[in-house]
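Below is one structure, written out as structure tokens; the observations come after it.
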Amino acid sequence: MAGIFTPTRRSATRPGAHGPDDPRARPRPGRPRDVTGLPAACFVTAWHFGAQQRSRAWVIYSIAVAVMIVVFFILGIVASDMG
-15 MAGIFTPTRR SATRPGAHGP DDPRARPRPG RPRDVTGLPA ACFVTAWHFG AQQRSRAWVI
45 YSIAVAVMIV VFFILGIVAS DMG
């Protein structure tokens, strides 16, 4: 699926870049939204399902997935620093 939805060069560039050879055209690494977007979506999903009476399992699942994403991200940073 990732190959189908690859970004075009234009959408992956910074604003103000004047072409693909411009150094400003490279995307910025380490954006906070890359790390926080999916866990935040999981917490929003848990909040949404929390308003419904019979969706307790989805609330627990959404929170567990968000916590696991953050934990595995931190473990990945620790593991990359070790080697």
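For the sequence shown, position 31 (counting from the first letter as 1) is numbered 15 according to the working numbering, and the numbering increases by one without interruption. C-beta atoms are modelled at their ideal positions from N, C-alpha and C, and glycine is treated no differently.
query, result
"Cβ pair A23, A50 closer than 8 Å", "The question names Ala, yet the displayed sequence has Pro at residue 23. Cβ atoms of P23 and A50: closer than 8 Å."
"Buried or exposed (CB count within 10 angstroms, at least 16 for buried), A41", "exposed"
"Buried or exposed (CB count within 10 angstroms, at least 16 for buried), A30", "buried"
"V19 beta carbon less than 8 Å from that of F56", "no"
"Beta-carbon proximity of C26 to S39, cut-off 8 Å", "no"
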